[in-house]
Amino acid sequence: MSRPLQPIDAVAWFAGFSAQDRATLVKALLHAFHGADPDWMGTIANCRAGKTARLEALVPMPDGTRANVGVHLHVEDGDTRLLKSFIERAMAETLLFERGSSMITQAAEHQAAWIAAIGLGSVAILTVQDELMLAVSKRLTMEVPVQVIGPIGSRFDLPDRDGMFLMLFEGHLNMLAAYGNVRREEISAARTAPMELGLLRFNEHLLFLCARMQGIAPAWSDLPFAISILKPEHRRLKPPEMNGSLQIPFMLMERHIGRAAVLRPFTLPRHFASVLLDLIETQQDLAGNYSEERYLADIRAAQSRWPTPAAMKPDFLLPPIVVT
């Protein structure tokens with residue numbers, strides 16, 4: 100006979116354990132989900148349908164007792180790479196949780212949570228209807244260094260997490276998809292798949308180039324860009340082609356060794372390139388009035404306004420374009 104379910108305040112519960120115990124608890128919870136769904140297909144299907152995987156589990160309490168609680172697992176868009184990144188870090192017990200806030204859906208309010216970075220994004224421990232939720236998101240919802248989430252100063256100065264990034268190198272805008280382990284099918288996709296792009300202006304200092312590409316990043320990713328936070332000598336931007344188009348190299352990078360597995364040029368059409376360059380020129384004109392601290396604050400404000408990159412789409416300046 101199973102024990103009755105007990106309500107839980109996930110934030111207070113998690114606070115009662117040491118950093119190492121928190122990592123061990125998350126590993127144990129993942130083991131429980133894996134036992135119920137060994138190939139993770141049910142979990143992925145539920146998440147893609149906007150639902151959660153749920154089970155009941157006896158979890159330890161800070162006072163040494165155990166309680167039967169409902170536990171949910173949600174992975175944004177059912178993204179298998181995101182789930183794999185979470186599993187790898189949870190199994191290695193390397194997750195380092197900090198107090199923060201999280202938002203699972205666009206309509207939800209921010210709520211208190213424990214958050215840990217997982218490379219591609221973050222995992223949040225929070226309460227949903229008196230039950231425990233592990234919410235895996237593509238967003239880093241805690242403060243991260245500017246060199247991770249912003250433009251990168253050097254071609255091979257790669258970030259220490261997986262994801263897509265926009266950088267300026269020797270006057271050229273470059274798009275990076277940087278991953279620790281690049282699979283053969285991802286190399287094939289990077290060589291041939293079309294890319295869909297959208298453009299969003301947050302303010303006069305910060306824009307987001309949004310991108311998605313089947314086989315690499317099938318859901319929208321948001322790539323922030325603020326030229327003002329670069330050193331003055333790195334702010335040079337070359338003009339477009341004679342016909343007004345702009346070429347942006349796309350690189351699929353093996354992050355651990357700094358090697359480009361694929362280098363592929365994409366050409367932005369004149370109407371899209373013109374708006375993008377106008378936004379960057381405005382940033383250049385105001386370069387002395389923007390700091391890294393304001394940049395990070397704006398990133399956090401953008402994440403609050405648009406809890407997922409897909410939520411940005413209604414506010415794109417132009418209809419999305421497809422480049423091949």
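Residue numbers (this note's numbering): 100 to 423.
Ideal Cβ positions, reconstructed from N, Cα and C, are used throughout, including at glycine.
Residue i burial status per 10 Å Cβ neighbour count (16 or more: buried)
i, result
"residue 407", "buried"
"residue 421", "exposed"
"residue 138", "exposed"
"residue 362", "exposed"
"residue 377", "exposed"
"residue 261", "buried"
"residue 164", "exposed"
"residue 341", "exposed"
"residue 142", "buried"
"residue 147", "exposed"
"residue 387", "exposed"
"residue 140", "exposed"
"residue 280", "exposed"
"residue 255", "Because residue 255 carries a pLDDT of 44, less than 50, the predicted location of this residue cannot be relied on, and the following value inherits that uncertainty. Result: exposed."
"residue 291", "exposed"
Any chain C beta carbon closer than 8 Å to residue i
i, result
"residue 394", "Given the protein chain composition of this structure (a single chain), no chain C is represented."
Reference residue i; option with closest CA among the options
i, options, result
"residue 154", "321, 230, 345", "230"
"residue 123", "198, 158, 261", "158"
"residue 374", "419, 111, 386", "419"
"residue 293", "304, 143, 367, 341", "367"
"residue 297", "358, 112, 413, 149", "413"
"residue 104", "277, 278, 156, 282", "156"
"residue 162", "127, 112, 193", "112"
"residue 278", "267, 151, 263, 270", "263"
"residue 337", "388, 109, 267", "267"
"residue 109", "299, 303, 415, 225", "225"
"residue 194", "223, 416, 301", "223"
"residue 416", "172, 282, 302, 133", "302"
"residue 178", "291, 395, 145, 359", "145"
"residue 150", "135, 136, 176, 127", "176"
Proximal residues to residue i (C-beta, below 8 Å), its chain only, five neighbours per side dropped
i, result
"residue 372", "339, 343, 344, 345"
"residue 445", "Residue 445 lies beyond the stretch modelled for the chain, which goes from 100 to 423, so this question has no answer here."
"residue 131", "154, 156, 170"
"residue 393", "304"
"residue 284", "314"
Residues near residue i by beta carbon distance below 7 Å, same chain, minus five either side
i, result
"residue 383", "326, 334"
"residue 311", "295, 317, 318, 319, 320"
"residue 299", "306, 307, 309, 411, 414, 415, 416"
"residue 423", "293"
"residue 192", "122, 123, 126"
"residue 180", "219"
Pairwise C-alpha distance: residue j and residue i
i, j, result
"residue 380", "residue 390", "17 Å"
"residue 116", "residue 186", "21 Å"
"residue 289", "residue 217", "23 Å"
"residue 234", "residue 331", "40 Å"
"residue 369", "residue 351", "25 Å"
"residue 286", "residue 348", "15 Å"
"residue 313", "residue 166", "43 Å"
"residue 403", "residue 237", "14 Å"
"residue 184", "residue 219", "7 Å"
"residue 425", "residue 315", "Absent from the model: residue 425. The displayed extent of the chain is 100 to 423, so no value can be given."
"residue 400", "residue 172", "26 Å"
"residue 133", "residue 329", "44 Å"
"residue 360", "residue 354", "10 Å"
"residue 125", "residue 396", "30 Å"
"residue 252", "residue 358", "Residue placement at residue 252 is flagged as unreliable, the pLDDT there being 31, under the threshold of 50; the coordinate-derived value follows with that caveat. Whole-angstrom Cα-Cα distance: 16 Å."
"residue 119", "residue 270", "45 Å"
"residue 114", "residue 282", "38 Å"
"residue 160", "residue 198", "19 Å"
"residue 210", "residue 385", "35 Å"
"residue 221", "residue 102", "32 Å"
Neighbourhood of residue i by C-beta, 6 Å cutoff - its chain only, sequence neighbours within 5 removed
i, result
"residue 196", "121, 213, 215"
"residue 107", "168, 231"
"residue 182", "174"
"residue 129", "189"
"residue 405", "411"
"residue 228", "none"
heavy atom of the ligand COA below 7 Å from residue i C-beta
i, result
"residue 317", "No copy of the ligand COA occurs in the structure displayed, which carries no ligand at all."
Identified DSSP bridge partners for residue i
i, result
"residue 122", "Answer is none; residue 122 lacks a bridge partner."
"residue 91", "In the structure as shown, the chain begins at 100 and stops at 423. Residue 91 is therefore absent and cannot be evaluated."
"residue 268", "271"
"residue 307", "299, 323"
"residue 420", "296"
"residue 197", "214"
"residue 151", "Note: residue 151 sits in no beta bridge, so no partner."
"residue 236", "221"
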